[in-house]
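Peer 1: My structure is below; once you've seen it, I'll send some questions.
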Ligand code: SF4
Ligand code: SF4
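Residue numbers (our numbering): 10 to 544.
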C-alpha cells in the first residue's frame with residue numbers, strides 16, 4: 010500500500026484553481042494511491058473475458074490488441090445503437106458547469122478531469138470525432154479528438170476514479186447521468202482486457218462459487234454456526250438458520266461482506282435474530298450467497314450473469330418472493346436493470362409480509378424487498394418489542410448510501426427504524442444527506458488498499474459532514490444500509506473522524522429487540538456492556 014499523507018497534509022494539498030494547460034494537453038500521472046491494480050489474467054480467463062494478460066498502468070506499453078481502435082469503435086457504435094440514453098447524454102450537454110463541483114472526487118482532489126462534465130468529455134470527445142459530422146469537420150476546435158493510447162490511459166485513470174454514485178446527475182438540468190457514462194467507459198475498456206482486479210476477482214468468485222469473496226458452502230455454514238453461538242451466548246436463545254430449504258416462503262439474500270467481516274457481521278446477526286423472533290419462514294442459499302453485484306462495475310453482460318443466479322435459486326427452491334439484506338448496489342441492479350436483464354420474475358409472487366399482511370406493490374415486478382422496508386413495516390404494525398434504551402450509549406447519524414437512497418428512494422425507512430431503536434439520532438446537514446448524500450468514496454469496486462489516497466480524498470466531503478455532527482451533538486455512531494459502506498466507512502472514519510464507529514441498522518435493531526425467552530442481556534452484539542451494565 011502506498012504511503013498515505015496525514016489528513017491535514019492531504020486537505021491542504023487540494024488546489025481548485027483552474028489548470029494552466031488545456032485539458033486535452035494533460036496526461037494522468039499513475040501515482041501510487043491513485044489507481045487500482047489491473048485484473049489478473051487468470052481471473053479474466055475464468056470468465057471467458059477478452060484479452061487476459063499481464064500489464065501495469067505504469068508501463069509505457071499496455072499490450073493492447075493489434076486492432077484495438079477498431080474494437081473500441083465497434084463497441085462504442087454497438088452501445089450507441091443499443092442504449093438511447095448514451096446517445097442522448099453524448100449529444101445534449103451544454104457545458105453549463107452545474108455538475109462541476111458536485112463530485113466528491115473533484116472536491117477531494119481538485120483535478121479538473123474529476124469534474125463530471127469533464128469526465129464525460131473524455132468519452133464525448135471521441136464520440137464527436139467518430140460519430141458526428143461536426144466533430145469530423147472541426148476536430149479539436151469542436152471538442153473532438155482522435156482515439157489514441159493516451160486517451161485509453163486517461164479513460165482507465167478517470168473512469169476508475171468515479172464511484173458511479175450519480176450525485177452529479179441530480180444537479181444537471183438535462184438529467185445527464187455521468188455514472189452511466191462511466192459505466193460505458195468501463196465497458197469499452199473491458200473490451201480491450203482493461204479492468205481492475207478488485208472488480209473482476211469478485212465477479213469470477215461470485216459466478217463460480219456463489220459470492221464475491223469465494224466463500225464455499227461449507228464455510229458459509231460454519232460462519233453462520235459461529236454467529237449463532239455468539240447470539241446464544243448473548244441472548245440465551247439458540248437460532249437455527251435454514252439453508253437451501255425447498256418450499257420456504259422467502260429467500261433471503263445479503264452481501265457476503267455481512268458475514269465476512271466486522272461490523273457487517275453484527276448486522277448479519279441482527280437479521281438472524283429478527284427473523285427468528287418473528288418466526289419468518291425463510292431460507293438462505295449457499296449458491297446465491299451474495300446480494301451484491303460487481304457486474305454493475307464492469308459490464309451489462311457480467312451484471313446479467315450474476316443477477317441471474319439469485320432468481321435461478323429462487324426458482325429452484327420454490328420460494329414465493331425474495332428479501333434482500335442491507336446492500337447498496339444490489340438495489341441499483343434490482344430496481345434499475347433487473348427487469349430488462351432477466352425479468353420480469355413472473356414465477357414469483359408479489360411480496361407480502363406474512364406477519365403484517367402488507368403487500369409490497371413497489372416490488373410487484375422484481376419480487377424483491379429491501380430489509381429496511383420489511384423491518385419498518387414490522388415496527389409500524391407493532392410487531393416488535395423494542396427497548397431503545399439499550400442503545401443509549403450511541404449517538405447516531407445516518408449515511409444515505411448512494412444506491413439504495415439516490416437510486417431507490419430509501420430515505421425514510423432507515424430513519425423510521427432508527428427513531429424506534431435508539432433515543433439519540435441527529436441528521437447531518439441537509440445538502441449532504443438523502444438525494445444529495447455524499448458517497449463513501451470507495452464504491453463501484455474502488456474499496457481496495459492500493460487506491461487509499463483517492464478513497465480518503467473522495468470520502469472527505471462525507472467525513473466532514475460526520476465531523477460536523479460529531480462536534481455539534483457528540484455523534485459517535487454512523488449507520489448505513491450498504492455492505493460496501495460498512496467495509497469502507499470505518500477506514501474513512503479512522504482517517505478523518507476517529508471518534509465515530511460504523512454500524513448497520515439491523516445491529517441496532519437486534520440490540521433493541523426484546524426476544525421472547527431471552528435471558529437478561531448484559532452486552533450488545535459487539536460484546537460491549539449495555540448501558541447500566543458497565544459495572
Ligand atoms: S457519478 Fe459520482 S463519482 Fe461519478 S462523476 Fe458523478 S459525482 Fe463523481
Ligand atoms: S450539469 Fe449537465 S449539462 Fe451542465 S455541464 Fe454538467 S452534464 Fe453538462
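For every residue, glycine included, the Cβ atom is placed at its ideal position computed from N, Cα and C.
Report the rounded CA-to-CA distance for residue 410 versus residue 276, giving the unit in angstroms.
Peer 2: So the two alpha carbons sit approximately 15 Å from each other.
Peer 1: Who does residue 512 pair with in a DSSP beta bridge?
Peer 2: According to DSSP, which records beta bridges pairwise, residue 512 is partnered with 488.
Peer 1: With a 10 Å radius around its C-beta and 16 neighbouring C-beta atoms as the bar for buried, classify residue 170 as buried or exposed.
Peer 2: Residue 170 comes out buried.
Peer 1: Which first and last residues belong to the beta strand (DSSP E) in which residue 377 is found?
Peer 2: Its beta strand (DSSP E) spans residues 377-379.
Peer 1: Locate the beta strand (DSSP E) running through residue 279, then write down its first and last residues.
Peer 2: Premise fails: residue 279 lies in the alpha helix (DSSP H), 273-287, not in any beta strand (DSSP E).
Peer 1: When we look at the beta-carbon of residue 51 and count the other beta-carbons within 10 Å, is it buried (16 or more) or exposed?
Peer 2: Answer is exposed; the Cβ neighbour count stays below 16.
Peer 1: According to DSSP, simplified to helix, strand and coil, what is residue 74?
Peer 2: DSSP places residue 74 in coil when its eight states are reduced to three.
Peer 1: Please confirm whether any heavy atom of ligand 1 lies closer than 7 Å to the CB of residue 196.
Peer 2: Checking every heavy atom of ligand 1 against the Cβ of residue 196, none is found closer than 7 Å.
Peer 1: Between residue 53 and residue 195, what straight-line distance do the alpha-carbon atoms span, to the nearest angstrom?
Peer 2: Going from the Cα of residue 53 to the Cα of residue 195 covers about 15 Å.
Peer 1: Which two residues bound the contiguous beta strand (DSSP E) that contains residue 224?
Peer 2: That residue, residue 224, is in no beta strand (DSSP E); it is neither H nor E in DSSP.
Peer 1: For residue 285, would you say it is in contact with chain B, using Cβ-to-Cβ distances shorter than 8 Å as the test?
Peer 2: Absent here is chain B; the protein component of the structure consists of one chain.
Peer 1: When the distance is taken between beta carbons, is residue 260 closer than 8 Å to residue 316?
Peer 2: No, Cβ-Cβ distance for residue 316 and residue 260 is not below 8 Å.
Peer 1: Shortest alpha-carbon distance to residue 119 belongs to which of 398, 489, 466 and 89?
Peer 2: Measuring from the Cα of residue 119, the nearest candidate turns out to be 466.
Peer 1: Go to residue 266, then tell me how far its alpha helix (DSSP H) extends in each direction, as first and last residue.
Peer 2: Residues 266-269.
Peer 1: Measuring straight from C-alpha to C-alpha, what distance separates residue 522 and residue 88?
Peer 2: For residue 522 and residue 88, the distance between alpha carbons rounds to 49 Å.
Peer 1: Write down every uninterrupted run of the beta strand (DSSP E) in the segment 331-401 whose length is 3 residues or greater and which is fully enclosed by it, in chain order.
Peer 2: Listed in chain order, they are 377-379.
Peer 1: Provide the residue span of the beta strand (DSSP E) that contains residue 406, from first to last.
Peer 2: Unbroken beta strand (DSSP E) run through residue 406: 405-407.
Peer 1: Between residue 262 and residue 364, which are expected to be in contact by the criterion C-beta below 8 Å, what is the C-beta distance as a whole number of angstroms?
Peer 2: With 8 Å as the limit, residue 262 and residue 364 do not qualify as a contact, their Cβ atoms being about 19 Å apart.
Peer 1: Assuming residue 256 and residue 300 form a contact by the criterion Cβ under 8 Å, report the distance between their Cβ atoms to the nearest whole angstrom.
Peer 2: That pair is no contact at about 22 Å.
Peer 1: Evaluate contact between the segment 23-41 and the segment 274-288, counting only Cβ atoms and requiring at least three cross-stretch pairs below 8 Å.
Peer 2: No: fewer than three Cβ pairs fall under 8 Å.
Peer 1: What do you get for residue 143, buried or exposed, if any count of 16 or more other CB atoms within 10 angstroms of its CB means buried?
Peer 2: Residue 143 is exposed by the Cβ-count criterion.
Peer 1: If I follow the unbroken alpha helix (DSSP H) through residue 261, where does it start and stop?
Peer 2: Not the alpha helix (DSSP H): residue 261 falls in the beta strand (DSSP E), residues 259-262.
Peer 1: Within 7 Å: the Cβ of residue 301 and any heavy atom of ligand 2?
Peer 2: No, the Cβ of residue 301 stays beyond 7 Å of every heavy atom of ligand 2.
Peer 1: Leaving out five residues on either side along the sequence, give the residues of the same chain with a beta carbon under 8 Å from the beta carbon of residue 431.
Peer 2: Result list for residue 431: 397, 400, 401, 403, 405, 517 and 521, in chain order.
Peer 1: Give me the Cβ distance between residue 457 and residue 45, rounded to the nearest whole Å; I'm assuming they're in contact under 8 Å.
Peer 2: So it is a contact: roughly 6 Å between Cβ atoms.
Peer 1: Please confirm if the segment 382-395 is in contact with the segment 468-475, defined as three or more CB-CB distances below 8 Å between the two stretches.
Peer 2: Because the criterion of three Cβ pairs below 8 Å is not met, the segment 382-395 and the segment 468-475 do not touch.
Peer 1: Tell me whether residue 106 counts as near ligand 2, meaning its Cβ is closer than 7 Å to at least one heavy atom of that ligand.
Peer 2: Yes - ligand 2 has a heavy atom lying nearer than 7 Å to the Cβ of residue 106.
Peer 1: Please specify which runs of the alpha helix (DSSP H), each continuous and at least 4 residues long, are wholly inside the segment 433-458, giving them in chain order.
Peer 2: Runs of the alpha helix (DSSP H) inside the segment 433-458: none found.
Peer 1: Give the straight-line distance between the Cα atoms of residue 449 and residue 127, rounded to the nearest whole angstrom.
Peer 2: Each residue's Cα considered, the two are about 22 Å apart.
Peer 1: Measuring alpha carbon to alpha carbon, tell me which of 480, 455, 498 and 342 ends up nearest residue 408.
Peer 2: Of 480, 455, 498 and 342, the residue nearest in Cα terms is 498.
Peer 1: Label residue 157 either buried or exposed according to how many other C-beta atoms from any shown protein chain fall within 10 Å of its C-beta, with 16 as the threshold for buried.
Peer 2: Classification of residue 157: exposed, given that the 10 Å Cβ count is below 16.
Peer 1: Measure the Cβ-Cβ separation of residue 226 and residue 295 and say whether it is below 8 Å.
Peer 2: For residue 226 and residue 295, yes; Cβs fall inside 8 Å.
Peer 1: Does DSSP put residue 470 in a helix, a strand or coil?
Peer 2: Helix, per DSSP.
Peer 1: Say whether the segment 206-216 touches the segment 54-62, bearing in mind that this needs 3 or more beta-carbon pairs closer than 8 Å, one atom from each stretch.
Peer 2: The segment 206-216 vs the segment 54-62: in contact.
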